[in-house]
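A.B. asks: Numbering follows numbering that gives the first Met the number 0, with no gaps: position 8 of the sequence shown is 7.
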Amino acid sequence: MKAQANTCRKCGADNLEYAAICEKCGAELEGPDAAAPGFAAPAGAPKAPGAPKAPSAPKAPGAPSAPMG
0 MKAQANTCRK CGADNLEYAA ICEKCGAELE GPDAAAPGFA APAGAPKAPG
50 APKAPSAPKA PGAPSAPMG
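1) Do you know whose CA, among G11, P60 and A4, lies nearest K23's CA?
2) Using 6 Å as the cut-off, classify the Cβ of E29 as near or not near the heavy atoms of the ligand NAP, replying yes or no.
3) May I ask you to list the residues that DSSP assigns as paired with E27?
4) So, with DSSP's three-state summary, where would you put C10?
5) Could you tell me the alpha carbon to alpha carbon distance between N14 and G25, rounded to whole angstroms?
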C-alpha cells in the first residue's frame, strides 16, 4: 500500500501520512481520520495548535456548594 501524502493546509507541502506536524512550516496537520464524514472543516480555517482552553472559574475557598439542612 502506497503512503498517502498529507497536504498541509497552511503552506501546501506534502507530508507523510503519519506526520502530525508539517515538515516545512511546522503547522499541525489533520490526519486522514480528520476527514471523516460529518466533519467538514472550512478550507483555510486557521487552527491554532495547542490553543489554551479557557480556565474554569475559580471557586471561592470554603464556600458551601449547597445549603445544608
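We put the CB at the ideal spot given by N, CA and C, even for glycine.
C.D. replies: Considering the structure as presented:
1) For the residues G11, P60 and A4, the minimum Cα distance to K23 belongs to G11.
2) As presented, the structure is devoid of all ligands, the ligand NAP included, so that no description of it is given.
3) Answer is I20.
4) Assignment of C10 by DSSP, reduced to helix, strand and coil, places it in the coil class.
5) Looking at the backbone, the Cα of N14 and that of G25 are separated by about 11 Å.
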